[in-house]
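Peer 1: Chains Y and D, in that order, are what the protein sequence lines are. Quick note, the first sequence lines up with residues 358 to 586 if you use the numbering used here. Quick note, the second sequence lines up with residues 358 to 586 if you use the numbering used here. Heads up, the beta-carbon is just placed ideally off N, CA and C, and yes, glycines get one too.
Number of protein chains: 2
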Amino acid sequence: MKTRKSEETRTRILDAALNIFRERGFERATMREIAAAAGVAAGAAYYYFESKEAIVMAFYERSQAEMLSLIAEQMGKNKLLEPLLRAIISTKFEVFAPNRKLLGALSAHADPEHPLSPFSKETAAIREQDIAFFEKAVTQAGIKLPSNLTPYLPRLLWMYQMGLILFWVYDRSAGQRRTMVLYDKTLKMVMTGIKLAGNPFLRPLHKLAAELLEVIYGDEAALDRQSKS
Amino acid sequence: MKTRKSEETRTRILDAALNIFRERGFERATMREIAAAAGVAAGAAYYYFESKEAIVMAFYERSQAEMLSLIAEQMGKNKLLEPLLRAIISTKFEVFAPNRKLLGALSAHADPEHPLSPFSKETAAIREQDIAFFEKAVTQAGIKLPSNLTPYLPRLLWMYQMGLILFWVYDRSAGQRRTMVLYDKTLKMVMTGIKLAGNPFLRPLHKLAAELLEVIYGDEAALDRQSKS
DNA sequence: AGATATTTTTGAACATGTTCGAAAATATTT
DNA sequence: AAATATTTTCGAACATGTTCAAAAATATCT
Chain Y
358 MKTRKSEETR TRILDAALNI FRERGFERAT MREIAAAAGV AAGAAYYYFE
408 SKEAIVMAFY ERSQAEMLSL IAEQMGKNKL LEPLLRAIIS TKFEVFAPNR
458 KLLGALSAHA DPEHPLSPFS KETAAIREQD IAFFEKAVTQ AGIKLPSNLT
508 PYLPRLLWMY QMGLILFWVY DRSAGQRRTM VLYDKTLKMV MTGIKLAGNP
558 FLRPLHKLAA ELLEVIYGDE AALDRQSKS
Chain D
358 MKTRKSEETR TRILDAALNI FRERGFERAT MREIAAAAGV AAGAAYYYFE
408 SKEAIVMAFY ERSQAEMLSL IAEQMGKNKL LEPLLRAIIS TKFEVFAPNR
458 KLLGALSAHA DPEHPLSPFS KETAAIREQD IAFFEKAVTQ AGIKLPSNLT
508 PYLPRLLWMY QMGLILFWVY DRSAGQRRTM VLYDKTLKMV MTGIKLAGNP
558 FLRPLHKLAA ELLEVIYGDE AALDRQSKS
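1) Taking Lys564 (chain Y) as the reference, which of Y:Leu514, Y:Leu502, Y:Gln431 has the closest Cα?
2) Please name the residue, chosen from Y:Thr549, Y:Val397, Y:Phe453, Y:Arg534, that lies closest to Arg582 (chain D) on a Cα-to-Cα basis.
3) Would Glu568 (chain D) count as contacting chain Y if we go by Cβ distances under 8 Å?
4) Can you tell me whether Arg560 (chain Y) is buried or exposed? The criterion is at least 16 other CB atoms within 10 Å of its CB, across all chains shown.
5) Enumerated in chain order, which unbroken segments of the alpha helix (DSSP H) with a length of 4 residues or greater are wholly contained in the stretch 404-437 of chain Y?
6) Is the Cβ of Val495 (chain Y) closer than 8 Å to any Cβ of chain D?
7) Find the nearest neighbour of Leu506 (chain D) within the set D:Glu407, D:Ala386, D:Glu365, D:Leu553, judged by alpha-carbon distance.
8) With three or more beta-carbon pairs closer than 8 Å as the criterion, would you say the stretch 434-442 of chain D touches the stretch 539-556 of chain D?
9) At a CB-CB cut-off below 8 Å, which residues of chain D make contact with Lys542 (chain Y)?
10) At the level of alpha carbons, what is the spacing between Gln486 (chain D) and Thr543 (chain D)?
11) Among the residues of its own chain, which have a CB less than 7 Å from the CB of Ala401 (chain Y), if the five just before and after it don't count?
12) Using a Cβ-Cβ cutoff of 9 Å, what residues of the stretch 464-481 of chain Y are near chain D? List them in chain order.
13) Taking the continuous alpha helix (DSSP H) assigned at Lys362 (chain Y), which residues delimit it?
14) Specify the secondary structure class of His471 (chain Y) as computed by DSSP and reduced to three states.
15) Quick one: complete alpha helix (DSSP H) runs, 4+ long, within the stretch 471-545 of chain Y?
16) For chain D, is any of its Cβ atoms less than 8 Å away from the one on Tyr527 (chain Y)?
17) Relative to chain D, which residues along the stretch 447-461 of chain Y have a C-beta separation below 9 Å, given in chain order?
18) Based on the DSSP output, what are the partners of His466 (chain D) in its beta bridges?
19) So Leu523 (chain Y) and Phe491 (chain Y) are in contact, right, with Cβ under 8 Å, and what is the actual spacing, rounded?
20) Find out if the Cβ-Cβ distance for the pair Leu371 (chain D), Ala415 (chain D) is shorter than 8 Å.
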C-alpha cells in the first residue's frame, strides 16, 4: 500500500531538489545536499528516485501534467491554427519559465538512448502527448495539406516547438527577448508555409518533401524505396 | 622544455583512451583503465589532460588537423558549389567514421557553455576553421546572393552540415544509409534553394530571411530593430 | 495484542572523476 | 660532477553518484 506519508516524502525530496537545482544548477547540486534539505538520509532519495537525473524527469512529468490541463483549456477557445499553436507553445514557455535553466539538463541530450533526451523511449509518453496537441490543433483548425504530407505535420510542428524551446533555454538576451522575436517571426513563416503548401503549384515540392520525411521517419523498407530515386 | 618523450606519453594516453572509448563507449571507460592501458598512473593522465572530456577534445582537434589538409586538397580541384560542399562534408564523414559513436560525447552537448559543445568558446577555433571552408566554397564557386543574406550563407551551410553529422551520429540504420540518403536529397535541395535565392521574384522573402538571421546572429541592438517590425 | 510481512530509512561502502603533495626522473647551472 | 631547478610520475585521498544490507517504522494477519 502506498501511504500518503510516503508520497509526501517523495514530494519533499523533489521540491528540495528543484530548489537546489534552481539555486546552484543541476551539476553543482549534490544528492547528499538534496537529501539533507529534505530531511532524509542520502540513500532515501534513491528509494524514491532511480538517479539524480530521474529527479529531473519527475520534474518534467510534473510540468507536463500541469501543462496538460492548461493547454487543453487554452485550446478550447480557438478555431484558428495560429492562436492554437500559440496556446500550446506559449503555455510551455510560461510553465517552464521559472525552471528555464534546469531544462538544460533535459534538452542538452541529443542522444535518443539517453533517458532525458526528448527523443528517448523514457520521454515517449510526454512526446506523444505533445504531438497529440499539435494534431488536435491541426484538425481543429481544419488544415488541409497534400495527403502525403498530412501525417507528418504534427511531428514537424513538434520539432519546430522543440527547436524554439532549445533556443530559449540557452538564450542569454535579457528576458529571452531574442527567442520571443524569433517565435513571432517564425510562427508567421510557419503559417505562411502551411497556407502555401496547399497550393497545387507546388506539387513537385510535395513529392520531394514527402520523400525526405519518409527517410527521416520511415522504416528501413521505406529507405530502400528512397535510395533509388 | 618539451621533450619528445613527454609528447609521446601524451599520445600514448590519447591513443589508449580512444581505443577504450571505441570499445566501451565514453561513459563506461574509466580513467584508471585508460591510464593502465597507457602504462601510467591515473594521476599522470591528468598531467596531460585536464579532464576525461578534454581527451575527447584532443581527439576532436586531432581529427580537425587531419581533415584540414584533406579538405583543402579535395577542394582545390573544383569550381562548382555542389562538389565543393561534398568535398567538405564527405571528408568529415570519412574521417569521423571509425569514431562515429564517440562523436556522441561531443555533439550531445547543446549547451554553448559546455566545453565540448559545437557552440562553445572552447571549440570556436575549430568551428571558425570549418566555417572558413564553407566561405571558401561559396567564393570559389562564385555564388551570388542578395547582399543582406551573403554574410550568413557560410554559417548556414555549417549549420546544415552540423545537423547532418548529428543525425549521422545517432543513425542506427545499417551503415548509416538513412543519413546518406538524407545527405543526397538535402544537398540537392540546398543547391536548388541557393539558385532560387538569387531570383528577384523572391525579394520579399529575402527581407524576411535577413531579419530572421539577424535575430539569431545579431547583437541586442539588432534585436531592438527587429522587435518593432 | 502479538506475530509476521511490508515499506521506509539509514549510513557505511563502493566506483570513478579528480586533486595534490611528495617522489622520481630529467634538465640546467655552477 | 655536484647542486639546483624543472618536468614528469605516482598513488593516496577526496567528492559525489550510487548500492546495499541491516535497522526502524508501519501495516497486516491470526
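Peer 2: According to the data block:
1) Y:Leu502
2) Y:Arg534
3) yes
4) exposed
5) 409-433
6) no
7) D:Leu553
8) yes
9) Leu565, Glu568, Leu569, Val572, Gln583
10) 23 Å
11) Ala392
12) Ser464, Ala465, His466, Ala467, Asp468, Pro469, Glu470, His471, Ser474, Phe476
13) 361-385
14) coil
15) 481-497, 510-526
16) yes
17) Gly461
18) Y:His466
19) With a Cβ gap of about 17 Å, Leu523 (chain Y) and Phe491 (chain Y) do not count as contacting.
20) yes
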